[in-house]
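J.: Which chain is which? The protein sequence lines are D and P, in order. Each residue of the first sequence is one higher than the last, beginning at 469 in this note's numbering. Each residue of the second sequence is one higher than the last, beginning at 469 in this note's numbering. Backbone N, C-alpha and C define an ideal beta-carbon position, used for all residues, glycine too. Keep in mind that this is a model prediction, so the values were computed, not measured.
Number of protein chains: 2
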Amino acid sequence: MRPVQHIKLAVDAVVFGYQQQKLHVLLVQQKYGIMKGKWVLVGGFVKDEESLSDAVKRELAEEAGVKVDYMEQLYTFGDDVGRDPRFRVVSVAYFSIVNPKGFKLKADSDASDAQWFAIDELPDLGYDHKIILRAAQQRLSAKLSYQPIGFDLLPKEFAFSELEHLYSTLLDKTIDRRNFRKKILSFGFIEETGKMQAAATGRPAKLFRFNKQKYHQLVKDGFHFDVSLL
Amino acid sequence: MRPVQHIKLAVDAVVFGYQQQKLHVLLVQQKYGIMKGKWVLVGGFVKDEESLSDAVKRELAEEAGVKVDYMEQLYTFGDDVGRDPRFRVVSVAYFSIVNPKGFKLKADSDASDAQWFAIDELPDLGYDHKIILRAAQQRLSAKLSYQPIGFDLLPKEFAFSELEHLYSTLLDKTIDRRNFRKKILSFGFIEETGKMQAAATGRPAKLFRFNKQKYHQLVKDGFHFDVSLL
DNA sequence: ACAAAAGTGTTAATCTTACACCCATGT
DNA sequence: ACATGGGTGTAAGATTAACACTTTTGT
Numbered sequence: 469m470r471p472v473q474h475i476k477l478a479v480d481a482v483v484f485g486y487q488q489q490k491l492h493v494l495l496v497q498q499k500y501g502i503m504k505g506k507w508v509l510v511g512g513f514v515k516d517e518e519s520l521s522d523a524v525k526r527e528l529a530e531e532a533g534v535k536v537d538y539m540e541q542l543y544t545f546g547d548d549v550g551r552d553p554r555f556r557v558v559s560v561a562y563f564s565i566v567n568p569k570g571f572k573l574k575a576d577s578d579a580s581d582a583q584w585f586a587i588d589e590l591p592d593l594g595y596d597h598k599i600i601l602r603a604a605q606q607r608l609s610a611k612l613s614y615q616p617i618g619f620d621l622l623p624k625e626f627a628f629s630e631l632e633h634l635y636s637t638l639l640d641k642t643i644d645r646r647n648f649r650k651k652i653l654s655f656g657f658i659e660e661t662g663k664m665q666a667a668a669t670g671r672p673a674k675l676f677r678f679n680k681q682k683y684h685q686l687v688k689d690g691f692h693f694d695v696s697l698l
Numbered sequence: 469m470r471p472v473q474h475i476k477l478a479v480d481a482v483v484f485g486y487q488q489q490k491l492h493v494l495l496v497q498q499k500y501g502i503m504k505g506k507w508v509l510v511g512g513f514v515k516d517e518e519s520l521s522d523a524v525k526r527e528l529a530e531e532a533g534v535k536v537d538y539m540e541q542l543y544t545f546g547d548d549v550g551r552d553p554r555f556r557v558v559s560v561a562y563f564s565i566v567n568p569k570g571f572k573l574k575a576d577s578d579a580s581d582a583q584w585f586a587i588d589e590l591p592d593l594g595y596d597h598k599i600i601l602r603a604a605q606q607r608l609s610a611k612l613s614y615q616p617i618g619f620d621l622l623p624k625e626f627a628f629s630e631l632e633h634l635y636s637t638l639l640d641k642t643i644d645r646r647n648f649r650k651k652i653l654s655f656g657f658i659e660e661t662g663k664m665q666a667a668a669t670g671r672p673a674k675l676f677r678f679n680k681q682k683y684h685q686l687v688k689d690g691f692h693f694d695v696s697l698l
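1) Cutting at 7 Å between CB atoms, please list the residues of its own chain near LYS624 of chain D, excluding the five before and the five after it.
2) Could you compute how far the alpha carbon of LYS569 of chain P sits from the alpha carbon of LEU621 of chain D?
3) What residues from chain P crowd round GLU531 of chain D, counting only those whose CB sits closer than 9 Å?
4) Tell me which same chain residues have a C-beta within less than 8 Å of the C-beta of GLU518 of chain P, skipping the five on either side of it?
5) For ASP480 of chain P and chain D, any beta-carbon pair shorter than 7 Å?
6) Tell me which residues share the same chain as SER629 of chain P and place their Cβ nearer than 7 Å to its Cβ, disregarding the 5 neighbours each side in the sequence.
7) What are the start and end residues of each continuous alpha helix (DSSP H) run of 4 or more residues lying completely inside the stretch 590-628 of chain P, in chain order?
8) Can you name the residues of chain D whose CB is closer than 9 Å to the CB of VAL536 of chain P?
9) Output, in sequence order along the chain, the residues in the stretch 511-531 of chain D whose CB is closer than 7 Å to any CB in chain P.
10) At which residue ranges does the stretch 613-697 of chain D contain complete beta strand (DSSP E) runs of 3 or more residues, listed in the order of the chain?
11) Pull out every residue of the stretch 578-611 of chain P whose Cβ sits closer than 8 Å to any Cβ of chain D, in chain order.
12) Compare the Cα-Cα distances from HIS684 of chain P to each of P:MET664, P:THR637 and P:PRO616 and report the closest residue.
13) Taking a cut of 9 Å between CB atoms, which residues from the stretch 616-629 of chain P lie near chain D?
14) Keeping to the same chain, check which residues put their C-beta closer than 8 Å to that of LEU593 of chain P; ignore five residues upstream and five downstream.
15) Could you tell me which residues DSSP puts in a beta bridge with MET539 of chain P?
16) Measure from the alpha carbon of ALA561 of chain D to the alpha carbon of each residue in D:ILE599, D:LYS650, D:ILE587 and D:LEU590, then state which is nearest.
17) By DSSP, does VAL479 of chain D sit in helix, in strand, or in coil?
18) Whose CA, out of P:LEU491, P:HIS597 and P:PHE655, lies closest to the CA of PHE545 of chain P?
19) If you follow the alpha helix (DSSP H) that ASP522 of chain D is part of, which residue opens it and which one closes it?
20) In whole angstroms, what separates the C-alpha of ARG554 of chain P from that of GLY512 of chain P?
21) For ALA575 of chain P, which residues in the same chain have their Cβ closer than 8 Å to its Cβ, ignoring the five residues on either side in sequence?
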């Protein structure tokens, strides 16, 4: 009893990056079709024999030339029956984090044109992608407090002031520099590299790195990452 | 450019209830089809013009005669291309909580036969429903600590020992009775009913109720529910 | 009077918060 | 020498964790 059903299944990816002290999101401009000229999330229809996560990775590679470090399922948007004006599309949205310095975007492919946008300077988004993006932003803020994903947004070696700035910007909170540093260092998986940041001005900062192995070991031993409020 | 796609979209619901001091889950037995005789989660295909959440509610009503208080999207299972042996099915799983005393199950409809199963006495499940159920169980445990969903599992009026037993069973932790009571009462949204529990044996317990209004008010004022570990 | 479960308070230890001055570098 | 951002410690307050005896009821 194969059902008669005309719903199409798509995936969309919200990819976050951090640049110039600001959260950015990856968007592509549609060159053809009903949304011509509009900016939208990277995404597309799932192939019959392809897993959902493979579909996302394929679209990211095809449309933007991006390979992501960290990706997880965000939410499936399918309650608004008319979210795509052409026909019914249910979309599984993914949430991802990347260091933008890692690659060059496909800025002028045949079908699209990928670009980073600062989260506070977004263009008009097509479909319901603004809603998806907002959901992803909430997830990002929430995760920041209980998972060490902040480090995926920064370069491998970073100064404490950068980490601090990231947290205070994304969570929209003021942070006590001393308490923040104390807490983060007390975890035991942030280590000094021994290097210094070339300072534009002021005293040069020590550079640190996130030790993933140590972190995973600690988690196994029952550690819970928590940087709530501060 | 309508895509050529043969993926079917389904929904499945993991409905939890609490009975006889144990967590239960709602299952239906298939009477026909490839999974004949197997127990599975309540679920089915989404209709072309129906929202995902409406599809879940419809299936719950049709297959089990259940109306749920609390429901949220759990996860979309679509990475295993062969999870349904007939053809490709992607399923959006929902997570729900119910007080089983609220209704009589449709125990002998045409297509199915609904029943509660204690979580530690499960039958063999069809499809990948064991995996979906495990994911739901993890979500339940996690939520228990940071959202007041425990109260949805209990009767409207309950004794502290019941709440305590629920938490210690579902989180598999031992609880200090005094500290637990102190903490829960300190929230300010659990109130005495003035009634007493008819005790089988021992001193009768005071009955309490969860004041939803007060809880929502507190959340608005910045309150965060948290019953971690203890 | 005894068995069974409910109810209750105090203390030590830990974690969190608030807060201000000196340091290293470039101009 | 001054401007700029980096680095650091301590004390008060709040929260959590550990712990055992008395009360109420039914038999």
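T.: The answer reads as follows:
1) Here residue 624 of chain D corresponds to residue number 156 of the first sequence, with the count starting at 1. Excluding the 5 residues flanking it on each side, LYS624 of chain D has same chain C-beta neighbours closer than 7 Å at ARG677, in chain order.
2) Indexing the second sequence from 1 puts residue 569 of chain P at position 101. Indexing the first sequence from 1 puts residue 621 of chain D at position 153. Rounded to whole angstroms, the gap between the alpha carbons of LYS569 of chain P and LEU621 of chain D is 49 Å.
3) Counted from its first residue, the first sequence places residue 531 of chain D at position 63. Simply none; closest approach about 15 Å.
4) Reading the second sequence from its first residue, position 50 is the one you call residue 518 of chain P. Excluding sequence positions up to five before and after GLU518 of chain P, its CB lies within less than 8 Å of the CB of ARG526, all in the same chain and listed in chain order.
5) Here residue 480 of chain P refers to the residue found at position 12 of the second sequence. Not an interface residue.
6) The residue labelled residue 629 of chain P in the question sits at position 161 within the second sequence. In chain order, ALA673 place their CB closer than 7 Å to the CB of SER629 of chain P, counting only its own chain and leaving out the 5 sequence neighbours on each side.
7) Runs found: 597-614 and 618-621.
8) Translated into the one-based positions of the second sequence, residue 536 of chain P becomes position 68. Within chain D, no residue comes near VAL536 of chain P; the closest Cβ sits about 16 Å away, beyond 9 Å.
9) Within the stretch 511-531 of chain D, the residues whose Cβ lies closer than 7 Å to some Cβ of chain P are PHE513, VAL514, ASP516, GLU517, SER519, LEU520 and SER521, listed in chain order.
10) Complete beta strand (DSSP E) runs here, min 3: 658-664 and 674-678.
11) Along the stretch 578-611 of chain P, there is no position whose C-beta sits under 8 Å from a C-beta of chain D.
12) Residue numbering aside, residue 684 of chain P sits at position 216 when the second sequence is read from its first letter. The alpha carbon of HIS684 of chain P has as its nearest neighbour, out of P:MET664, P:THR637 and P:PRO616, the alpha carbon of P:PRO616.
13) Listed in sequence order: no entries.
14) Start at 1 with the first residue of the second sequence, and residue 593 of chain P comes out as number 125. Shown here for LEU593 of chain P: same chain residues with a beta carbon closer than 8 Å to its own, the five before and five after excluded, namely LEU495, LYS506, TRP507, VAL508, LEU509 and LEU601 in chain order.
15) Within the second sequence, numbered from 1, the residue matching residue 539 of chain P stands at position 71. P:SER564.
16) The residue given as residue 561 of chain D occupies position 93 in the first sequence. Of all alpha-carbon atoms in D:ILE599, D:LYS650, D:ILE587 and D:LEU590, the one lying nearest the alpha-carbon of ALA561 of chain D is that of D:ILE599.
17) On the first sequence, residue 479 of chain D is found 11 positions in, with the first residue counted as 1. Strand, per DSSP.
18) The sequence position of residue 545 of chain P within the second sequence is 77, counting from 1. Of the candidates P:LEU491, P:HIS597 and P:PHE655, the one whose C-alpha sits nearest the C-alpha of PHE545 of chain P is P:HIS597.
19) On the first sequence, residue 522 of chain D is found 54 positions in, with the first residue counted as 1. Where ASP522 of chain D is concerned, the enclosing alpha helix (DSSP H) stretches over 520-527.
20) As a working mapping, residue 554 of chain P is identified with position 86 in the second sequence. As a working mapping, residue 512 of chain P is identified with position 44 in the second sequence. The straight-line gap from Cα to Cα measures roughly 14 Å.
21) To locate residue 575 of chain P, count along the second sequence from 1; it is residue 107. Excluding sequence neighbours, ALA575 of chain P sits near ASP581, ALA582 and GLN583.
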